[in-house]
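As they're listed, the protein sequences go chains E and H.
Numbered according to this note's numbering, the first sequence terminates at residue 1655, and the numbering increases by one at each position without gaps.
Numbered according to this note's numbering, the second sequence terminates at residue 404, and the numbering increases by one at each position without gaps.
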Amino acid sequence: MEFLNFLNQEPWRFILSFGVVLFLTLNLAAILVMGERKVAGYIQLRYGPNRVGPRGLLQPLADIIKLFTKENISPGKADLWIFLGAPIAMFIPVAAVWLVIPFAPGAVVADLNVAILFFVAVTSVGALGVIMAGYGSRSNFSLLGALRGAAQMISYEVPLILSLLGVVMLTGSLSLVDVVNAQGGGFWNWYFIVQFPMFIVFYISSLAETKRVPFDLPEGESEIVGGYMIEYSGMTWALIQAAEFAGMGLMAGITTTLFLGGWQPPLPFLDFGQFNWIWFGIKTALIMFTFQWIRWSLPRLRMDQLMDLGWKVLVPLTLVWLVITAGAMLVF
Amino acid sequence: MLSEERRNETVALDGTASERLARPDIRSEFGLETMDMNMGPQHPAMHGLLRLILELDGETVMRCDPVMGYLHRSQEKIAENRMYPAVVPMTDRLDYFANIHNEHGYVLAVEDLLDAELPPRAEYIRVLMSELMRLASHIPSIGFLMLELGAFTPILYAFRERERIQNFLEAITGARMMFHYFRIGGVKADLPPGILEEISEYLDGLEGRFQTDTVDLVTGSEIYVARTKGVGRMTPEQALDIGVTGPPLRGTGVDFDIRRDYPYSVYNELDFNVVTDDAGDVAASYRVRIGEVWQSIRIIRQVIEKMPEGPVMADLGRRLRPKEGDGFGRVESPRGEYAVHVVSDGSDSAYRVHYRDPSFCSMQLLQEVVPGHYLPDIMPIMGMIDPVSGGWDK
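So, in structure tokens, the structure goes:
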């Protein structure tokens, strides 16, 4: 295996790990779609998919084959470059942020010292994809959806970023590896305890950022029938869905990393060393399950109520809690 | 989560949002234009085939014109060309979510022409069927309202109940949807043995399930309250002018129910309350529907208790040839007042049949009430009147 040693050198190491992460992101989306349908099934007194493979587990595979073989239809008057570029503009940022998340001790593709800034900057590009999709499709419904999506995603970035600051202040670093290391030693050291209001604000904002119920106004299937993605079909639609679901997984992963200790085990004696990615996986899956639970239980807010909640409740709350955090850090 | 002041703000009447956005001077100063939007007829939330022509200013609806006719089947004309008994199965196709009431209205109108006297058991069976149908229509309509607000799950819980009620209706009538059970002069067949005990047993279970699975889940939900309180608000005068009947009318505080005010069948022998509410918005009509579910359960229990023995069909002769004149029948369907006017010219088919369908009349409400609301508020307002495509298009 001597000849494979070049893989440990840059840029090959980065290219290889980026490939692996991209592959995992796409798979994650497929698995999440499957999980979502199963969770929805059990919440709604039915079984969910159970025909393809054992207990329906091969359903994502069948879905992917179906989506690949479907014709890709674009509206006659669509702005084709923008229309086709939108799914890519939505998917790439989501895949890119996975690069800075530590899965296990030492297992991180790029240990940036500004990883949190990277996360904030790159996820905000996702709003661009939504605007592109809505504008490029040239349809009233998708335009409304895109405007809603843009307003919502940009507004909720403010509480999202503000709620990160508490963690940054406590850690004194913007590196996600440092954030995780600072939470070692048991679940009582995880930031969701000392930063509980921020954890809630971050959770709500990440629901809004990923356009999940109760903040799924850009899709709003009962009034604007799918919103910005209404004109997409086949693989372009699949890519948008993959971006949505991978974005949901990403937000769950970031929540885990920042507030639930990342790969840190809940109790010190449960430390599995390199296999601590199991803890990361369990916590992320739990957060994703709560996303789905909310999705299938709650109705949707209206645009003005959404803005009220973001600007009049969440932002002041985070500002107050930042002052409290700063004061507490001065005292202790 | 949301401030009390915000929740109480009536979007439609004080119109802060719409006034701000829709002021012509602001629009002309900035060169703003409104957007025309076509909602439907192929739209998942349009309760069938309805097209709304909307004029939008941002998210605010400035004009809302419903366009009907996509499911028109000339029901009234067909009814002129069929013999009287043969029209009953056609009425099933009107409001296909509450067919029994359609049959009941038509049958009442023809019996009014014939001055028919019905055996008491037939009347009690009719009331039993009507109230079962009302349950099977009200419970899903609460689910539809939630579906339109974006919550997908309640509709499936609601349809579980409708499914079980439909099993009873199937056992009694032999059909799942197009029953053709009411006949001029009675009902098709007697109840199958043991069905009353089964219904009674089911109602015991329903009372618990309805409270926990629907009422408790929905009523207290913060988002539900924010989305429905103050939305679609109308005054009693407005509602009466438009001709709204049923739960939306009673939600404005008007105490009007055909079952009590113009009793038909044996409703005057039964004890029940007419549920009203003062708010006049979507939340009020929801509360009225919840209340009516409890009242229907109460009525069915009384019917089961009082069910007399005897024949279920009056002998009106082989061929129905009513004298010349008018026949009129009105019933309280789950959506409001369903009335049938039959004009006879002495032959064996009607000269003219007219159906007054609550879905059709309440639909005017969209034009009056929706402007000034936000686009997503159209859906709960549709859920408030809960129209059925087959009803408004006939």
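We treat Cβ as the ideally placed atom computed from N, Cα and C, and that holds for glycine.
Report task. Report the residue from 1416/E, 1386/E, 1390/E whose alpha carbon sits nearest the alpha carbon of residue 1574/E. Result -> 1416/E
Query raised in the report: Using a C-beta cutoff of 9 Å, does residue 224/H count as contacting chain E?
Result: no
Query raised in the report: Distance, Cα to Cα, residue 204/H vs residue 211/H?
Result: 11 Å
**Report entry** Coil, strand or helix - residue 82/H by DSSP
**Finding:** coil
Query raised in the report: How many angstroms separate the CA atom of residue 322/H from the CA atom of residue 143/H?
Result: 19 Å
Query - Inter-residue CB distance, residue 1525/E and residue 1486/E (contact presumed, cutoff 8 Å) - result: 4 Å
Requested in this report: Could you round the C-beta distance between residue 1/H and residue 258/H to whole angstroms and report it? I think they count as a contact, below 8 Å.
Outcome: Limits of chain H in this structure are 11 at one end and 404 at the other, which puts residue 1/H out of reach.
Report task. In angstroms with no decimal places, state the Cα-to-Cα distance between residue 1352/E and residue 1635/E. Result -> 33 Å
Query raised in the report: Who are the Cβ neighbours of residue 225/H in its own chain at under 7 Å, not counting the five residues just before and after it?
Result: 300
Requested in this report: Measuring alpha carbon to alpha carbon, tell me which of 1623/E, 1614/E, 1439/E, 1469/E ends up nearest residue 231/H.
Outcome: Closest in C-alpha terms to residue 231/H, from the list 1623/E, 1614/E, 1439/E, 1469/E, comes 1623/E.
Query raised in the report: Sorted by chain position, which residues of the same chain lie with C-beta nearer than 7 Å to residue 217/H's C-beta, five sequence neighbours on each side aside?
Result: 307
**Report entry** Where residue 1538/E falls, given that 16 or more other Cβ within 10 Å makes a residue buried
**Finding:** buried
Requested in this report: Can you grab the Cα-Cα spacing for the pair residue 385/H / residue 1405/E, in whole Å?
Outcome: 27 Å
Requested in this report: Note down, in chain order, every chain E residue with its Cβ under 7 Å from the Cβ of residue 53/H.
Outcome: 1548
**Report entry** Nearest residue (CA-CA) to residue 346/H, options 138/H, 148/H, 362/H, 55/H
**Finding:** 148/H
**Report entry** Three-pair Cβ contact test at 8 Å for the stretch 1609–1628 of chain E versus the stretch 1497–1508 of chain E
**Finding:** no
Report task. Can you give me the start and stop residues for the alpha helix (DSSP H) that residue 94/H sits inside? Result -> Unbroken alpha helix (DSSP H) run through residue 94/H: 94–101.
Query raised in the report: Is the distance from the Cβ of residue 1569/E to the Cβ of residue 1414/E below 9 Å?
Result: At the C-beta level, residue 1569/E and residue 1414/E come within 9 Å of one another.
Query raised in the report: How big is the Cα-Cα spacing for residue 252/H and residue 374/H?
Result: 7 Å
Requested in this report: Using a Cβ cut-off of 7 Å, pull out every chain E residue sitting near residue 388/H, in sequence order please.
Outcome: 1546
Query raised in the report: In whole angstroms, what separates the C-alpha of residue 229/H from that of residue 235/H?
Result: 7 Å
Query raised in the report: Taking residue 353/H as the reference, which of 335/H, 105/H, 313/H, 138/H has the closest Cα?
Result: 335/H
Query raised in the report: Should the stretch 363–377 of chain H be called in touch with the stretch 78–90 of chain H, which here means at least 3 C-beta pairs below 8 Å?
Result: yes
Requested in this report: Consider the Cβ of residue 376/H: report whether some Cβ of chain E lies at a distance smaller than 9 Å.
Outcome: When Cβ-Cβ separations below 9 Å define contact, residue 376/H makes no contact with chain E.
Query raised in the report: Does the Cβ of residue 325/H have 16 or more other Cβ atoms within 10 Å, making it buried, or fewer, making it exposed?
Result: exposed
**Report entry** 9 Å Cβ cutoff, residue 1435/E in contact with chain H
**Finding:** No, no contact with chain H.
Query raised in the report: Which partner residues of residue 350/H appear in the DSSP bridge assignment?
Result: 339/H, 365/H
Query raised in the report: Can you round the beta-carbon distance between residue 89/H and residue 360/H to whole angstroms, since I take them to be within the 8 Å contact cut?
Result: 6 Å
Report task. Go through its chain and collect everything with a Cβ distance to residue 61/H's Cβ below 6 Å, but skip five positions before and after it. Result -> 50, 51, 77
**Report entry** Reference residue 1578/E; option with closest CA among 1648/E, 1425/E, 1432/E
**Finding:** The residue with the shortest Cα to Cα distance from residue 1578/E is 1425/E.
Query raised in the report: Taking the alpha-carbon positions, what's the residue 1477/E to residue 1450/E distance?
Result: 7 Å
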